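Under UniProt numbering, the first residue of the sequence shown is numbered 1, with each subsequent residue one higher.
Note that CB positions come from ideal geometry on N, CA and C, so glycine has one too.
Remember, predicted model here, so these are calculated numbers, not experimental data.
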Amino acid sequence: MAEPREQYLARANSKREQVAELRANGLSVRAIAEKLEISKSAAGRYVQEYETRINQPSAS
1 MAEPREQYLA RANSKREQVA ELRANGLSVR AIAEKLEISK SAAGRYVQEY ETRINQPSAS
């Protein structure tokens with residue numbers, strides 16, 4: 001049986017936060033994937049989202 005959507009989203013958001021913290025501490029995509037036990041491609045997507053978010057100019 002599939003996981004309820006709310007649980008999936010909460011788990012995904014938690015992973016995103018963990019990836020952001022690890023990347024900010026200088027870990028590579030490979031190291032993040034190994035530490036969080038996720039695929040390198042998933043870690044890469046999370047890192048790309050994180051880097052896009054932090055590189056956007058703030059709306060002032």
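Exercise. Using the Cα positions of Ala43 and Asn25, report the straight-line distance between them to the nearest angstrom.
Key: 15 Å
Exercise. Say whether chain D places a C-beta atom closer than 9 Å to the C-beta of Val19.
Key: No chain D is present in this structure, which holds just one protein chain.
Quiz prompt | As assigned by DSSP and simplified to three states, the class of Gln56 | solution = coil
Quiz prompt | Rounded C-alpha distance that separates Val29 from Ser14 | solution = 17 Å
Self-check item: Continuous alpha helix (DSSP H) stretch holding Asn13: start and end
Solution: 5-24
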